[in-house]
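Here's the structure we're looking at; comments come further down.
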Amino acid sequence: MTDETLLLDLLNTTPVVDGTPRDDLADASAGAHWLSEHGQPASEREWRALLVARSALQDVVRGEGVPVSLARFVDGVRYRASLADDGVEWTLDLPSGRSAAARAVLAWDALRVSSPGRLRPCANPDCRLFLIDHSKPNRARWCSMAVCGNRMKARRHYQRSKGSTVD
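Right, here's the structure in full:
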């Protein structure tokens, strides 16, 4: 699993299901399960750091927070060099107790640099999911065209047809 997947999966742990907000990391057990599924250390400390990082990342991606709010999650992150037969190998040293949070923030920054503006919230105001737009024109608006895209198009069509009727 890539860190980009970890980031998007983390951002999308607060969906709205059948009109009801849900938190997929609501308790330590759910957090440990999520962390394990994503190949991360499953401790309560990791889970608590992940909750705070998720909130900060969601705010930053929505434009409601500032990137400097993410600094505490990458404080202490280091790359360690070692020499191998085929050259230098770099190993990421992550802080204990917040390694998953650090990976998510590093993935956010890598996307910010390599693909500016492609990580964004779904354009459906009733949705709390995020997307990474991999399309060439960079015009994707919905987390899922089949769900949110169709709902918003149907809503616009209804509004247009409702406004054009003559009594």
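Numbering (numbering that gives the first Met the number 0), first residue to last: 0 to 166.
We put the CB at the ideal spot given by N, CA and C, even for glycine.
- In terms of CA proximity to Ser-28, Trp-46 leads the group Gly-64, Val-67, Trp-46, Asn-11.
- As computed with DSSP, Asp-92 is found in a beta bridge with Arg-77.
- Residue nearest to Lys-135 within the set Asp-125, Arg-159, Pro-115 is Pro-115 (criterion: CA-CA distance).
- With fewer than 16 other CB atoms across the displayed protein chains lying within 10 angstroms of its CB, Leu-91 is exposed.
- For the pair Leu-130 and Pro-120, the Cα-to-Cα distance works out to about 6 Å.
- With contacts defined by Cβ atoms closer than 8 Å, Leu-10 and Arg-71 do not form a contacting pair.
- At a cut-off of 3 residues, the continuous stretches assigned as beta strand (DSSP E) that sit fully inside the segment 110 to 139 are 118 to 120, 129 to 131.
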